[in-house]
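Protein chains in written order, with my numbering: chain A, 1 to 582; chain B, 1 to 582.
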C-alpha cells in the first residue's frame, strides 16, 4: 500500500516538480532539484510571501552572501553549538545521529550530552542498524559546511545555516536606511545549509534549503501592533504549552489568545496571523495546520515566546514549517560584543522627562595643587562615584591602577534635576522564519487528490489525479488545446498563446492525444484553466474554458482572453463570470 | 576628481543599494550585500529576464543545489582546469594573480603556464607590489570553493562555479519533460562562486555572484530559428573577429550578420537579439552596449562561435556582462563519458530513408561444429567486420582477447538495403549566460545623472541627482507625500498607500521635510512617480502625480490611482495620459 508521500513524489518526479539531485551520478542524500514545474511553483510561493511581507508590511528584502566569515558565526553561537551528536559504526564506517539511535530506550534523547549518549549506547548494547557492528564514541559534529576564502586556507568561511545573521550584521546600515526609527523590519529569501549527518526524510530534511525570514526590530517597551485590529478576529488552532500538557489543541481568536496571555503579545500574535494567511493562500489546508508553542525547556533561554506553524503530513505527522519567536535583544547583544560595536537606537521621548541625579563636583582649586598633572584624571574618577562612596572618612579612587586617597574637602556633591529627552535602547527582534521547501512539499500533498471521473463524455469513469493548487501558485496557469492538429485551429491557438504570454501568464500548448487525455495531463500538474480551440472558434471567435476543479466549461471570447484568465488567477474573478455556460 | 564609479557607489551605499558585506567585522573583498533598494532592483531585473526567457521563450526554469558533487566538476573540467596562476610574497605572504603582475612586460600573460610565469617574474625581477618582497614559485590555484558533504570528509563538495552544469546533469529528466523533442531550453537563475585570489574591482569581480543562464538543446543539423523573422531587423553594434583585427566595430542588422556569416547561424543571432532587448529594457544605454565576438585563440576549442555582450563603464571600460556561445556537443559528451550513461536523443525523420549497408552472415552450420561453445561469440564478432576485413585469404576476429582465424567458407556477405526511420544524435547546446550583478551595477551607472534644477518653484537651482531607471525596474515605484503632517492629509495618503500596495506596487510614504526635498530623495533612488496629497485632494478627490524625469506634474483622481500608476509602470501608458496638466 503506497502512502500519500509516495504518490506525491511519484507524480512530482514524473512530471518535473522534484528530482533527486545528481541522479546521473547516483545521487546524494539531502539534496533535491526543483524541476521545471517545481521551480515555478516554489517561485510563486516566494512571490506571495514577498507580496505579504515586503510589499504590504514594508519589510524590505535584502540579499547578502550565502558564505559568511567566522566572526559572524562565533557571535551567533553556530561555531560553538550548532551540532548533532554523531557515532560511527566501527565496522562499516556509516555515521548516525546518536540521539536517533537511542530513541527507544531513553526519553528526550536530544537533551543528552555526547558522553551520556556514549554511556546509553554501551549500556543497552546498541549496534549499527546497517551491519550490526559496534558503535564508536559519540562526539558533537558541527553542521555548518566549512570552506576557505581566498588562497592558503587563511580565512575560514561557512555556508550560512540561516539567513537571519545577515540581517543582524547589517543592523547599523539598516537602521540608517529606516532613518533611525523603530519598529522596522527586513527580510531575506535565500539558501541556507545544514550538513546533516545522514538525512533520511526526503524533501523534509535537506542539506541545502530555502528560507524566508523576517527580522523585525521593535522597541522592547512597546510590543503592541498598530494593525492588530485587522487580524484579531482570525481564529487559529493553538497548541499551547498548557494544551500540550493536557494533550489537546484549541481554536481561539488571536485577540483572545493575546488577551488571555497565551500568546505573549500583540506583535507576535500579528505575525502568527500573517503566517496563517500566507500558508492558506499558497494552498495549505487550514484543517491540517496548527500553531504549537515551544515548551519552556525547549525554548532558547533568551526567547520571550516562540510558536511553530506545523503542517500535518500523511507520512511525517506534524511537521514544523515556520518558527515565530520573540528573540529579545539576544542577537544584537551577541554581535555587539563580538564586533565591539554598539548596536542600539536612541529613542526620543514624546516629551522630555525630569530625572533626579546625584552629582559629584570636584574642587579643582584643591585638587590642582595637590595632584598636579594627575588632577584631571582624578577629577573624572571622582565624578563617577555614587553617594555611598562618599560617606566614609576619606574618599578613594583608582587611577591608572593605583588607589589614591582624596581629602573630603576636595569634593562637594548635590542632587540635580535634569531634563532627559530620550534614551538608548537595544531593540528586540521578532523573527518569523519560513522553510520554503517544506511548505512547497506540503501544499503539493494537500492539493493532491485521486478521484473517479470520465475522461470524455460517454466513456467509462477512471482514475483522475488532480492537483487542486490555488490558481495563483499553479506553475502552468493555462493550457491551450487546439481540438485537432490542423492549421485553421493551430493558428488561432498560437495567437492565444502569444496574447497570454504577453500578459505574463505561463502557458502550455498541447496538441497531442485526445482532448480528454490532454485535460488529464493538465489536471495532474494543477493547470487551473484549459482553453480549447475548435471549429466554433473559427465561426464566432469563441473558445471553451474548462475549470480544473469542477470540470465545468464555459464559452468565452478569444479577444481579451488574457485579461479573462489573468483576472481569475490574480483578481478573484469567479469561473462563472468567465463566460457562458456550455 | 571622483569618477562615476565613486559617485554611483557613494549613492548606492548611502541609500541602501549596495553595501560591503560583513562591514561590522571589517569586510572581506569580493563580497557585496544588496541593501533594501538594491535587492529589489536586482529582483526586478531577474523577473524581466524570466519574462523574456521563461514565459515568452518557454525555457522553463529549474533550481538545483549550489553545492555539487565532485563527479560533475570532473566531467566539466573545473576540477582539472578552473584555476588562476598564483604567486605569494615570501615576505608579507600576500597572494597575487601572477598573470596580472607581468602585464607590463609580456603580451597575453594569460596564455602563459605557471612555470613560464615563474621564469618571467625571475627574469624581470618583479617584486611584491605591497611590500617589495620577493615572489614565490607560481602555481595553479583552483578557484572552486571546496567543502565536505556529511561527516568524516569522505565526500567532497564544491560550490558551483556556474549554474550551467546542473542543467546538463538533469538532461535525461529534462528530455522526458519535453517529451523527447528538440529543441528545448532550460534556465536557471542562482548563485555561483569563484574563489578569486585577490579581487580588487568592487562589484565587478565577486567571489559570490548571481548568474542567469539558459541551456538550449538543439538539433545540430538545424540551427535556424522559427522566430528569426521577428528579430532579424534589429541593429546591433558588432565587434567581430575581423573588426577587432581592424580595430573597429560596426552597426549591422542581425539578419545581415547571419547572412554574411559574421554570426555563425540564426539561433545564435536570435539569442543576441533577445539579449539586446533584455539589456535595453532593464536600463542599459544602447550607445554603451556592443557585442564582441571571441577571437579564435580565445574561444574554447569545442565552441562553434561565441559572442560577449559588453557594457561600457566609466572606470572599467568595456565589461563583459553576457556570454552567448554555441558549445556544440561538448558538455553532454563530457557528462556521458564521466557518468557512463548515454546522453542523446532519437530523432525521427519526416519520412524513412533507404540506406545501403554491407552485411556479414556467419554460417552457423560451419562455425558450430568448428568452435562449439565459442561459436556464438565468434559469429557476433564476424558481423562487425567491414568489407575490407573480408578481402584476405583468411578472416581474423578477436574474441576474449585472442585472435581467431576463421575459414572463408564459414562466412557469406552481401549489400542489403534497409529503411531507416531516424537516428540518434547528441544535441548541440546554445548557452546565453548572464552576469546579473554586473548588469545591475551597469544600469545604475547608466541611469545616474547629476543636473542643476530648482528644488522648489522660485528657489535657486542646485544639484539634482536622478536615477533615470526604467519604471519597471525602479525599486520604489511610487512615493506618497502628504503636503503637511496633518490628519486630514495623512488619512487620504494612507488610503492611497494601501490601494497601491494591494495592487502589488512598492510604495514609500514620506512626510518629513519640504515637498522639494522629498522629491529629491525620491529622484536619487529612481522613484518614477511621486503622488502628493494636498488640500485640493480634500475638495475634489484629486492628487498631483509628478514625473521623475521631466519633473512635470499632472492632476489625477485618487480613485483608481493604483491602476493609473500600474499602467504607466507595466503597460506603457504615457505620463501625459495620466491626468490633466498642472
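For every residue, glycine included, the Cβ atom is placed at its ideal position computed from N, Cα and C.
Out of curiosity, what's the CA-to-CA distance linking residue 401 of chain B and residue 384 of chain B? 16 angstroms
Under the three-state reduction of DSSP, which class applies to residue 557 of chain B: helix, strand or coil? strand
In angstroms with no decimal places, state the Cα-to-Cα distance between residue 454 of chain A and residue 460 of chain A. 6 angstroms
Does the beta-carbon distance from residue 253 of chain A to residue 285 of chain A come in below 8 angstroms? no
If you drop the 5 nearest sequence neighbours on each side, which residues of the same chain put their C-beta closer than 6 angstroms to that of residue 490 of chain B? Excluding sequence neighbours, residue 490 of chain B sits near 482.
What is the C-beta distance between residue 126 of chain B and residue 101 of chain B, in whole angstroms, given that I count them as a contact (C-beta under 8 angstroms)? Going by Cβ atoms, the distance from residue 126 of chain B to residue 101 of chain B rounds to 6 angstroms, so yes, they are a contact pair.
State the beta-bridge partners of residue 318 of chain A as determined by DSSP. A:312
Return yes when the Cβ of residue 95 of chain A is within less than 8 angstroms of the Cβ of residue 198 of chain A, no when it is not. yes
Residue 434 of chain A and residue 321 of chain A - do their beta-carbons sit closer together than 8 angstroms? yes
So, under 8 angstroms CB-CB, residue 275 of chain B and residue 324 of chain B are touching, yes? Tell me the CB distance rounded to an integer number of Å. 6 angstroms
Would you kindly check if the distance between the Cβ of residue 35 of chain A and the Cβ of residue 18 of chain A is under 8 angstroms? In this structure, residue 35 of chain A lies closer than 8 angstroms to residue 18 of chain A by Cβ.
What does residue 87 of chain B reach in chain A if we use C-beta pairs closer than 9 angstroms? Close to residue 87 of chain B, with beta-carbon spacing below 9 angstroms, lies no residue of chain A; the smallest spacing is near 10 angstroms.
Please name the residue or residues paired with residue 22 of chain A in a DSSP beta bridge. According to DSSP, residue 22 of chain A bridges with nothing at all.
Below-8 angstroms beta-carbon distance, residue 202 of chain B vs any chain A residue: In terms of beta-carbon proximity, residue 202 of chain B stays away from the interface with chain A, with every pair separated by 8 angstroms or more.
Every unbroken beta strand (DSSP E) within the region 396 to 460 of chain B, with a cutoff of 3 residues, ordered by chain: 402 to 406, 411 to 425, 428 to 435 and 448 to 454
What does residue 56 of chain B touch in chain A if you count any residue whose Cβ is under 7 angstroms from its own? Proximity of chain A to residue 56 of chain B at the Cβ level (cut-off 7 angstroms) is accounted for by 501, in chain order.
Determine the DSSP secondary structure at residue 326 of chain B, reduced to helix, strand or coil. strand
Do the region 552 to 569 of chain A and the region 286 to 294 of chain B touch if we need at least three Cβ pairs shorter than 8 angstroms? Per the Cβ contact rule, the region 552 to 569 of chain A is not in contact with the region 286 to 294 of chain B (fewer than 3 Cβ pairs under 8 angstroms).
Quick check: the Cα distance between residue 186 of chain B and residue 167 of chain B, rounded to an integer number of angstroms? 7 angstroms
Would you mind giving the Cβ-Cβ distance between residue 436 of chain B and residue 164 of chain B, rounded to the nearest angstrom? I have them listed as a contact below 8 angstroms. With 8 angstroms as the limit, residue 436 of chain B and residue 164 of chain B do not qualify as a contact, their Cβ atoms being about 14 angstroms apart.
Are there three or more Cβ pairs, one per stretch, closer than 8 angstroms when the region 123 to 137 of chain B is compared with the region 34 to 51 of chain B? no
Which residue from A:443, A:503 and A:479 puts its Cα closest to that of residue 583 of chain A? Nothing can be reported for residue 583 of chain A, as the shown portion of chain A is limited to 1 through 582.
Taking the alpha carbon of residue 195 of chain B as the reference point, which residue from B:427, B:429, B:189 and B:29 has its own alpha carbon closest? B:29
Do you know offhand how far residue 158 of chain B's Cα is from residue 580 of chain A's? 57 angstroms
Alpha carbons only, please: which of A:59, A:160 and A:530 is nearest the one belonging to residue 214 of chain A? A:59
Other residues of its chain near residue 353 of chain A: CB distance less than 8 angstroms, five sequence neighbours each side excluded: 419 and 420
For residue 31 of chain A, decide whether its Cβ has a neighbour in chain B, counting only Cβ atoms nearer than 8 angstroms. It does; some Cβ of chain B falls within 8 angstroms.
Pull up the CB-CB distance for residue 208 of chain B and residue 65 of chain A, whole angstroms please, since I reckon it's below 8 angstroms. 5 angstroms
Alpha-carbon spacing of residue 576 of chain B relative to residue 532 of chain B, whole angstroms: Cα-Cα distance, rounded: 17 angstroms.
Output yes or no for whether 8 angstroms exceeds the beta carbon distance between residue 290 of chain A and residue 310 of chain A. Cβ atoms of residue 290 of chain A and residue 310 of chain A: closer than 8 angstroms.
Within chain B, partners of residue 339 of chain A - CB distance below 7 angstroms: 24 and 25
Are the CB atoms of residue 578 of chain A and residue 527 of chain A within a distance shorter than 8 angstroms? no
Counting only C-beta atoms, is residue 294 of chain A closer than 8 angstroms to chain B at any point? no
Considering only C-alpha positions, which residue in the set B:516, B:428, B:277 and B:110 is nearest to residue 463 of chain B? B:516
Straight-line gap, residue 178 of chain A to residue 184 of chain A (C-alpha atoms, nearest Å): 7 angstroms
Verify the CB distance criterion: does residue 125 of chain B have a CB-CB separation below 8 angstroms to chain A? So no, residue 125 of chain B is outside the interface.
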